Amino acid sequence: MPKMKTKSSCKKRFKVTASGRVVAGQAGKRHGMIKRTNKFIRQARGTTTLSKADEGIIKPMMPYAR
């Protein structure tokens, strides 16, 4: 049986926590910061956990993530 492959795009963008949640960087901060409010820019720092629906899409692409 061959090894299962992890989707390359997922291993670059996501990490699975010890409790099994998927962590990703905040969206919406690549460009266009002038039009964004200061509150949005401040709150979009760091990382965030994905919703259950999005986790269901990502987890099958990462077979060896715990």
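Residue numbers (the numbering used here): 57 to 122.
Glycine is no exception: its CB is placed at the ideal position from the N, C-alpha and C atoms.
From a predicted model like this one, the values you see are computed outputs, not experimental measurements.
- A residue is called buried once 16 or more other Cβ atoms fall within 10 Å of its Cβ, and Phe-70 is buried on that count.
- Three or more beta-carbon pairs separated by less than 8 Å link the region 75-91 to the region 100-114, which places the two stretches in contact.
- Taking C-beta separations shorter than 7 Å and ignoring five residues to either side along the sequence, the partners of Met-60 in its chain run Pro-119, following chain order.
- Judged by DSSP in its simplified three-state form, Ala-74 adopts coil rather than helix or strand.
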